[in-house]
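Everything below concerns the one structure shown next.
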Amino acid sequence: MHLTGRTILITGGSSGIGRGLAEAFHRGGNHVIIAGRRQALLDEITEAHPGMHGLQVDMQAPEAITRLAEDVQSLFPDLDVLVNNAGISRLEAWDRDAIDIDTSLSIIETNILGVLRLTAALLPTLARQPNSTIITTTSGLAFVPRFNYPTYCASKAFLHSWLQFLRHQLRHKPIEVIELPPPYVQTELAGPQQANDPVAMPLADYIAEVVRLLGEPTPADGEILVERVKGLRMAERRGIYPDIYANLNQA
Ligand SMILES: NC(=O)c1ccc[n+]([C@@H]2O[C@H](COP(=O)([O-])OP(=O)(O)OC[C@H]3O[C@@H](n4cnc5c(N)ncnc54)[C@H](OP(=O)(O)O)[C@@H]3O)[C@@H](O)[C@H]2O)c1
Numbered sequence: 001m002h003l004t005g006r007t008i009l010i011t012g013g014s015s016g017i018g019r020g021l022a023e024a025f026h027r028g029g030n031h032v033i034i035a036g037r038r039q040a041l042l043d044e045i046t047e048a049h050p051g052m053h054g055l056q057v058d059m060q061a062p063e064a065i066t067r068l069a070e071d072v073q074s075l076f077p078d079l080d081v082l083v084n085n086a087g088i089s090r091l092e093a094w095d096r097d098a099i100d101i102d103t104s105l106s107i108i109e110t111n112i113l114g115v116l117r118l119t120a121a122l123l124p125t126l127a128r129q130p131n132s133t134i135i136t137t138t139s140g141l142a143f144v145p146r147f148n149y150p151t152y153c154a155s156k157a158f159l160h161s162w163l164q165f166l167r168h169q170l171r172h173k174p175i176e177v178i179e180l181p182p183p184y185v186q187t188e189l190a191g192p193q194q195a196n197d198p199v200a201m202p203l204a205d206y207i208a209e210v211v212r213l214l215g216e217p218t219p220a221d222g223e224i225l226v227e228r229v230k231g232l233r234m235a236e237r238r239g240i241y242p243d244i245y246a247n248l249n250q251a
């Protein structure tokens with residue numbers, strides 16, 4: 001995809017992968033708008049990057065998503081890239097007497113419904129531009145799930161399936177649909193310890209590889225795969241799914 005002079009909205013731009021992409025796209029000469037709940041972080045990041053804008057949103061609140069879309073349409077009518085990146089990941093135990101269904105529902109609200117609501121609200125704006133791109137962050141765990149993150153993994157598998165439909169239905173419009181499934185990356189997604197986990201891919205390395213791949217012609221399947229995620233993504237195709245699943249889910 002062409003990666004300069006674009007107007008880019010990134011949800012979950014206040015930390016981790018979203019913030020990393022926002023800063024890289026800003027450096028690359030794009031107009032970047034970041035969205036998230038933590039206003040103090042949005043302010044800190046935008047003050048450090050003149051020209052970048054921040055908009056507060058709670059992706060679990062439908063009315064807040066509607067407001068975000070309206071603000072974007074009126075303030076940034078040239079929007080031509082939407083990055084659906086906000087997401088949460090939570091441990092779940094379904095073998096208890098009392099199941100914490102609220103946790104499961106909050107994952108579905110954020111990771112699935114938030115993406116659908118915002119994409120639906122902004123598609124008319126994206127469709128008005130000569131060329132647009134929708135990038136959605138899924139996960140390597142969409143392809144091989146971890147047993148203690150059931151709703152999280154299922155939410156990302158949902159998005160993988162949904163993105164294939166979206167790519168197909170938009171094929172006659174100048175709207176590119178890209179899936180970004182990260183491997184395990186050093187962010188605070190599952191808690192502060194993840195940011196320093198030596199097993200996880202360093203965030204800067206992940207961002208650099210993604211930005212390089214995004215600058216190349218988009219693969220026909222629309223998937224931007226860094227080397228470190230290919231083990232999970234290709235497990236089924238390579239016929240080694242049971243081994244990879246067992247390795248990922250050691251008791
Ligand atoms: N790091 C990994 O290992 C990994 C692997 C595969 C996929 N991913 C995916 O990558 C994406 C980014 O995660 P990350 O690793 O960068 O973790 P992160 O640092 O925790 O980032 C998550 C982002 O989502 C935003 N967010 C969460 N709930 C929100 C809500 N209700 N409303 C608005 N914004 C919300 C957060 O902003 P606020 O808290 O300010 O709202 C934050 O900016 C997620 O979709 C995640 O599933 C990450």
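Numbering (the UniProt record's numbering) for the sequence shown: 1 to 251. Idealized CB from N, CA, C, for every residue including glycine.
With a contact defined as Cβ atoms closer than 8 angstroms, Thr138 and His160 qualify at about 5 angstroms. Taking 7 angstroms as the cut-off, the Cβ atoms of Ile8 and Asn30 count as close.
Using a 10 angstroms sphere on the CB of Ser74, the tally of other CB atoms stays under 16, which defines it as exposed. Within the chosen limit of 6 angstroms, ligand 1 reaches the beta carbon of Thr110 through at least one heavy atom. In the structure shown, Ile88 falls within a coil segment according to DSSP collapsed to helix, strand and coil. Fewer than three pairs of CB atoms, one per stretch, sit closer than 8 angstroms, so the segment 196 to 211 makes no contact with the segment 243 to 251. Contact holds between the segment 173 to 188 and the segment 223 to 233, because three or more Cβ pairs, one in each stretch, are under 8 angstroms apart. For Met201, the CB contacts under 7 angstroms within the same chain, skipping 5 residues up- and downstream, are Pro183, Tyr184, Val185, Gln186 and Arg228 in chain order.
Relative to Arg96, the option among Asn148, Glu188 and Leu122 whose CA is nearest is Asn148. Beta-bridge pairing by DSSP links Ala35 to Thr11 and Leu55.
The closest heavy atom of ligand 1 lies 6 angstroms or more from the beta carbon of Ile207.
Beta-bridge analysis with DSSP links Ser132 to Ile175. Taking C-alpha positions only, Thr125 is separated from Pro145 by approximately 35 angstroms.
Leu113 and Arg27 have their C-alpha atoms roughly 31 angstroms apart.
Per the coordinates, the alpha-carbon of Arg37 lies some 5 angstroms from the alpha-carbon of Gln56. Note on geometry: alpha-carbon atoms of Leu123 and Asp71 lie some 14 angstroms from one another. In this structure, the CA atom of Leu3 is about 11 angstroms from the CA atom of Leu213. Listed in chain order, the non-local C-beta contacts of Leu189 below 6 angstroms within the same chain comprise Ser89, local neighbours out to five positions each way being set aside.
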